[in-house]
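Asks:
4 protein chains.
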Amino acid sequence: MNYSRILHEIAAEITPFRQEGRVAAYIPELAKVHPDKFGIHLRCIDGSDHSFGDNEEKFSIQSISKVFSLSLAISLAGEKIWERVGVEPSGNPFNSLVQLEYEKGIPRNPLINAGALVVADILLSHLERPKIDFLNFVRKIAGDRDIYFNETVAHSEKEWGFRNISLAYMLKSFGNIHNDVEAVLDFYFHQCSIEMSCRELANAFLLYAYHGELVGTGETILTTSETKRLNAIMQTCGFYDEAGEFTFKVGLPGKSGVGGGIAAIYPQKYSVVVWSPRLNEKGNSVLGMKALELLTTKTGTSIF
Amino acid sequence: MNYSRILHEIAAEITPFRQEGRVAAYIPELAKVHPDKFGIHLRCIDGSDHSFGDNEEKFSIQSISKVFSLSLAISLAGEKIWERVGVEPSGNPFNSLVQLEYEKGIPRNPLINAGALVVADILLSHLERPKIDFLNFVRKIAGDRDIYFNETVAHSEKEWGFRNISLAYMLKSFGNIHNDVEAVLDFYFHQCSIEMSCRELANAFLLYAYHGELVGTGETILTTSETKRLNAIMQTCGFYDEAGEFTFKVGLPGKSGVGGGIAAIYPQKYSVVVWSPRLNEKGNSVLGMKALELLTTKTGTSIF
Amino acid sequence: MNYSRILHEIAAEITPFRQEGRVAAYIPELAKVHPDKFGIHLRCIDGSDHSFGDNEEKFSIQSISKVFSLSLAISLAGEKIWERVGVEPSGNPFNSLVQLEYEKGIPRNPLINAGALVVADILLSHLERPKIDFLNFVRKIAGDRDIYFNETVAHSEKEWGFRNISLAYMLKSFGNIHNDVEAVLDFYFHQCSIEMSCRELANAFLLYAYHGELVGTGETILTTSETKRLNAIMQTCGFYDEAGEFTFKVGLPGKSGVGGGIAAIYPQKYSVVVWSPRLNEKGNSVLGMKALELLTTKTGTSIF
Amino acid sequence: MNYSRILHEIAAEITPFRQEGRVAAYIPELAKVHPDKFGIHLRCIDGSDHSFGDNEEKFSIQSISKVFSLSLAISLAGEKIWERVGVEPSGNPFNSLVQLEYEKGIPRNPLINAGALVVADILLSHLERPKIDFLNFVRKIAGDRDIYFNETVAHSEKEWGFRNISLAYMLKSFGNIHNDVEAVLDFYFHQCSIEMSCRELANAFLLYAYHGELVGTGETILTTSETKRLNAIMQTCGFYDEAGEFTFKVGLPGKSGVGGGIAAIYPQKYSVVVWSPRLNEKGNSVLGMKALELLTTKTGTSIF
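So the sequence lines, in the order shown, correspond to chains B, A, W and Y. Under the numbering used here, think of the first position of the first sequence as 1, with each following residue one higher. Under the numbering used here, think of the first position of the second sequence as 305, with each following residue one higher. Under the numbering used here, think of the first position of the third sequence as 609, with each following residue one higher. Under the numbering used here, think of the first position of the fourth sequence as 913, with each following residue one higher.
#1: Below 8 Å on the Cβ atoms is my guess for residue 87 of chain B versus residue 552 of chain A; work out the distance and round it to an integer in Å.
#2: Between the Cα of residue 514 of chain A and those of A:435, A:534, A:590, spot the shortest distance and give me the residue it belongs to.
#3: Between residue 634 of chain W and residue 761 of chain W, what straight-line distance do the alpha-carbon atoms span, to the nearest angstrom?
#4: By a C-beta neighbour count over all protein chains shown, 10 Å radius and 16 as the cutoff for buried, is residue 754 of chain W buried or exposed?
#5: In or out: residue 772 of chain W buried (at least 16 other Cβ within 10 Å) or exposed?
#6: With DSSP collapsed to three states, give me the class of residue 600 of chain A.
#7: Taking C-beta pairs closer than 8 Å, name the residues in chain W that residue 1021 of chain Y reaches, listed in chain order.
#8: Ignore the nearest five residues each way along the sequence and tell me which others in residue 505 of chain A's own chain have a CB closer than 7 Å to its CB.
#9: When the Cα of residue 285 of chain B is compared with those of B:208, B:182, B:39, B:225, which residue comes out closest?
#10: For a cutoff of 8 Å on Cβ pairs, would you count residue 509 of chain A as touching chain W?
#11: Alpha carbon to alpha carbon, what distance is there between residue 144 of chain B and residue 197 of chain B?
#12: For residue 424 of chain A, which residues from the same chain have a beta carbon less than 7 Å from its beta carbon, with the 5 sequence-adjacent residues on both sides left out?
#13: Taking the continuous beta strand (DSSP E) assigned at residue 330 of chain A, which residues delimit it?
#14: Looking at the structure shown, is residue 924 of chain Y part of a helix, part of a strand, or coil, going by DSSP?
#15: Taking residue 216 of chain B as the reference, which of B:240, B:43, B:275 has the closest Cα?
#16: Please report how far the alpha carbon of residue 205 of chain B lies from the alpha carbon of residue 1060 of chain Y, in whole angstroms.
#17: Run through chain B and tell me which residues come within less than 8 Å of residue 545 of chain A, C-beta to C-beta.
#18: DSSP beta-bridge partners for residue 834 of chain W?
#19: Express the C-alpha separation of residue 1165 of chain Y and residue 732 of chain W in angstroms, rounding to a whole number.
#20: Within 8 Å of any Cβ in chain B, is that where the Cβ of residue 1068 of chain Y sits?
#21: What residues of chain B sit near residue 1075 of chain Y, judged by a beta carbon separation below 8 Å?
#22: Quick one: residues in its chain with C-beta nearer than 7 Å to the C-beta of residue 33 of chain B, no 5 flanking neighbours on either side, listed in chain order?
#23: Straight-line CA distance for residue 324 of chain A to residue 713 of chain W?
#24: Against chain B, does residue 311 of chain A count as a neighbour if the rule is that its beta carbon must be under 8 Å from one of theirs?
#25: If we count the other Cβ atoms within 10 Å of its Cβ and call it buried at 16 or more, is residue 289 of chain B buried or exposed?
#26: So, do the region 1134–1149 of chain Y and the region 1068–1085 of chain Y have three or more beta carbon pairs nearer to each other than 8 Å?
#27: Could you check what DSSP says for residue 559 of chain A in three-state terms: helix, strand or coil?
#28: Compute the Euclidean distance between the alpha carbons of residue 1006 of chain Y and residue 547 of chain A, then round it to the nearest angstrom.
#29: Among all the DSSP beta bridges, which residues are the ones paired with residue 500 of chain A?
#30: Taking only beta-carbon atoms, is residue 1078 of chain Y less than 8 Å away from chain B?
#31: So residue 1085 of chain Y is in the beta strand (DSSP E); what residue range does that whole segment cover?
#32: Taking the alpha helix (DSSP H) that residue 582 of chain W falls in, what are its first and last residues?
#33: For chain B, find out if any of its Cβ atoms is closer than 8 Å to the Cβ of residue 417 of chain A; answer yes or no.
#34: Please classify residue 674 of chain W as buried or exposed, where buried requires at least 16 other C-beta atoms within 10 Å of its C-beta.
#35: Just how far apart, CA to CA, sit residue 835 of chain W and residue 987 of chain Y?
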């Protein structure tokens, strides 16, 4: 498969949609990114790399970080985390809070904000130096030391993330946050502020395409079974209330972030990351969705 | 892969759970089935068959029929059906009606009851003799003429299916049922009353494992792309509000019915159908869920 | 108090709002009424009458009939009806169905459609000839034989009232409709189709201002306690999701209908009925609301 | 009317229910009160007082304070407060959050917690020294300087009131809290911690029975119209999701608190306050509800 040629074709074919969508503006820092940025990076488990555009430029990974925190939580706490968070898709966004009330503070899955807050709380209970330990975990699976929090973004989230603060206190009222709420939020806002390039993210996600092993070192981060389950959760819950749409059109497990990134994997073959900051109304990158739809169509690599 | 041996192992390993769950009793006819029935049938695309137990005995396929009606609707009306029904998972059951109100009568997906009623309505608009035409479609893809509606079950649904009648009128009030409501319900209740054995269902589902072609005749029922999308919908929406759980534990596209059947496929390899009437509280077969979890674990054939 | 002069003042002061709102059009028959009609009739318990405009013209009383059916049900079945329907306001309309699911088929109160359907079912279980018996009850409390169903309206409701049909089957699925659903709906649609003038309605409502007695004959229809409770329900639940607004601005127990009528009472003093077909977006008569607000302001007769 | 004798009769008749219900325990301080306390105090606008039991003992007024904060907000900001909070009853409690999301951060009414937080925010914008100014307002209408916050209770609410904190941040996320969230919560928790006796509360509530004037001094706190509207809000929204029940059985405008107090008024006649800490499952005082039902039955003073 000539992936490089295909990535170039894709970049050409998505041109008509380049002006669609809007950059996330709910925190000032995110709004500053240039809306026309576009990068894509595909890495095969044989180690070959294929890319196009701004694939080396760092951006705010935001919710993509939830996959990393979930991975670390699974490796630290195992099956027990499923007592505090479910694995079902969440339906439409408007239900999120009522769902939390209805289901007594158990978030539907670990990739919605409520679930990621519970996962953050679990990490706080297991890590000695939560923020730096988490950062080092991401660095390890990405195989790259040059990865950092963006403190300005993290601080900005604290200033403007009232809905997340509201969610965290709601979880606390149900007893599903064990640590201090402010500490959990501080960790969560930092986790989301991590900046990585498409290339770095593709390196990190290769883990999920390679049954939980680091391709380079052979180190096992997750068991095969844990990896499959994590991929299953990405498939059903990775795109807010567009998870079905992404599964329907792209057919790969993946995760999006409001920074405009989307990471996805094809088991035993490749990881791929696209970045373009303009989002559709569901909060997913317009060009990212289109590029991945074209990728699986052109390569016949939908898992279905 | 020695599937036959594996099926026997599975049958042995699920023994401790044989008394769990309860047979569906909301209509008298369904309650009459013997609760201890258990059958499994796996068919590979190379034509080989593997089975255990009551795999030749017919049972009420119920919601599994929604996959067939959706397939026929796609083949008749194409992409246009997505204007009237979504592809997103529905979240918890309790939301179904409020979701319908909130989203102006567009059901979340075609595998929940509301969505299947819209699909039934689409079929009524396209078929000359809806019931017999639909039955013949199922017979064709199953490669078997000996498949019938159970009129007693269909009639019983009419007598007791007040919630489905309620849903249908709700959809009508939003203009998303075009035909006479009674006719749509009559078709829908008949569709659900079809009786098939594990073997027959496995034959029919092989279509979805084989990019939309009938393995025997090579006839194309759905395009490759349509098949992948249908599998994607099964993956995210096929198990009521346990779709995530099934994806998480089993990792195959599939569909369950309250008659105790579960049909699933592994793309380009096999279809598999389990039948055991005792249901968990979410309405899915207890042994069916466990058997399929064991199957993908033992064979390493989760799609993730 | 010179009520006649006050009614004339009110008629003058509401002139600026005469073009606001829209006539109900969900059934063709209701849409035919002339939108500029306006009538008001106030009757004191001393027997004096005060009126203005089209107070003698009959219109479709619609949901105002729910007060009559509830009265008859209370007189026939007593306290037992509160096992099947609540007395709490229903909050916003969008909750109606989810509330019904959440609270296991017990409608919040007897003045929302779901509750009125349960009341209709209760009447069907108690009356020998339900429709004619109910009509005669209304005739008696109005002191007028010249009151009839409008069969065209009743039939039109059956043709277009899909949401009410949906509600009725939902109630049936919870076991809170005991009779045949079609029979309940037939009764309900007839009940709503009754046509009365402002004068006739004011006569009938005087009952609720006069502790349950008919002013003319002294016959007791409801006990004092039953009457107070019925007035309390009108106060908290009589105006769809504008009950709070009406209580806030008008301060009298009352009930509105989509035919444009509003009936209200001031205990131990008067009943008053306004009719103007143009409705606000909550389904209540624009001029009716304004006229009654002016009435209680000018006369100082809010119950608060 | 011999109110004193009637209060004694009531105290006797409610004896069988003295063990029903449970003292609020969500904050440790409230749980410490003796569950058998019972006091009632009725004050007529002619200045006569009637009482029974522990009517002089101070208790935590909790949500009853919402009536005072609303009164002060109306007197300071007038009609403009209705742009930020509604006047409709809220239906069942489970809807509170989804309602807030659905209606874009406008609480249904000022007597639910969300609405009271908005009112607190309004007061913060208008008062120079919010807490002491508010306390002085309560002292003035109660005609008593000996009224204080309970700092332990206020602090305890901060420690345990996670749901209220969650609500406040949700409101902030919709822009319906203008001041610092922590400051609003600090004010709100203090407001709820005020301790008053039945006698003091009855003195304060006499204002609402006397068209907004202080009976002693004749000073106008609210206009007649404002008073009527405030009474109307108490009638439809004063008892969580038992507002309809209270209206149905008691028929007076009133407000309850989880400290076990209930204050109610009969316009132009009297105010009455009952205190008994055992609450029903809706959060209202068991004996308080029963005592007031008996009071209006025995005296015929329901407003309906």
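Glycine included, every Cβ here is placed at the ideal spot set by N, Cα and C. These numbers were taken from a predicted model, which means no experiment stands behind them.
Replies: If we stick to the structure as given:
#1: For residue 87 of chain B against residue 552 of chain A, the beta-carbon gap comes to about 4 Å, under 8 Å, which counts as contact.
#2: When C-alpha distances from residue 514 of chain A are compared across A:435, A:534, A:590, the shortest belongs to A:534.
#3: Their backbone Cα atoms lie some 11 Å apart in a straight line.
#4: Residue 754 of chain W counts as exposed, since fewer than 16 other beta carbons sit within 10 angstroms of its beta carbon.
#5: Burial call: buried.
#6: Look at residue 600 of chain A here: in three-state DSSP terms it is helix.
#7: Correct list: 852.
#8: The answer, listed in chain order, is 365, 368, 565, 567, 577.
#9: Among B:208, B:182, B:39, B:225, the Cα nearest to that of residue 285 of chain B belongs to B:39.
#10: With a threshold of 8 Å between beta carbons, residue 509 of chain A makes no contact with chain W.
#11: Cα-Cα distance, rounded: 11 Å.
#12: These residues qualify, in order along the chain: 373, 488, 491, 492, 495.
#13: Annotation: residue 330 of chain A is outside any beta strand (DSSP E) and is labelled neither H nor E by DSSP.
#14: Here residue 924 of chain Y sits in helix by DSSP.
#15: Residue B:43 is the option with its Cα nearest to residue 216 of chain B.
#16: Computed Cα separation, rounded: 60 Å.
#17: By Cβ distance, chain B contributes 88.
#18: Residue 834 of chain W is not bridged to any residue.
#19: The alpha-carbon separation between residue 732 of chain W and residue 1165 of chain Y amounts to approximately 36 Å.
#20: No, no contact with chain B.
#21: 169, 170, 173, listed in chain order.
#22: Hits under 7 Å: 23, 59, 277.
#23: When rounded, the distance between both Cα atoms is 29 Å.
#24: No - not a single Cβ of chain B is within 8 Å of the one on residue 311 of chain A.
#25: Its Cβ being crowded by 16 or more others within 10 Å, residue 289 of chain B is buried.
#26: These segments do not touch.
#27: Under the three-state reduction of DSSP, residue 559 of chain A is assigned to strand.
#28: Any reading at residue 1006 of chain Y must be qualified, since the residue scores a pLDDT of 46, below 50, and its modelled position is unreliable; no value is offered.
#29: Note: residue 500 of chain A sits in a beta bridge opposite A:363.
#30: It does: the Cβ of residue 1078 of chain Y has a partner Cβ on chain B nearer than 8 Å.
#31: Per DSSP, residue 1085 of chain Y belongs to no beta strand (DSSP E); it is in the alpha helix (DSSP H), 1074–1085.
#32: A query on residue 582 of chain W cannot be resolved here, the shown segment of chain W reaching from 609 to 912 and no further.
#33: Not a single C-beta of chain B is nearer than 8 Å to the C-beta of residue 417 of chain A.
#34: The Cβ neighbour count for residue 674 of chain W, taken over all protein chains shown within 10 Å, is at least 16; the residue is labelled buried.
#35: Cα-Cα distance, rounded: 36 Å.
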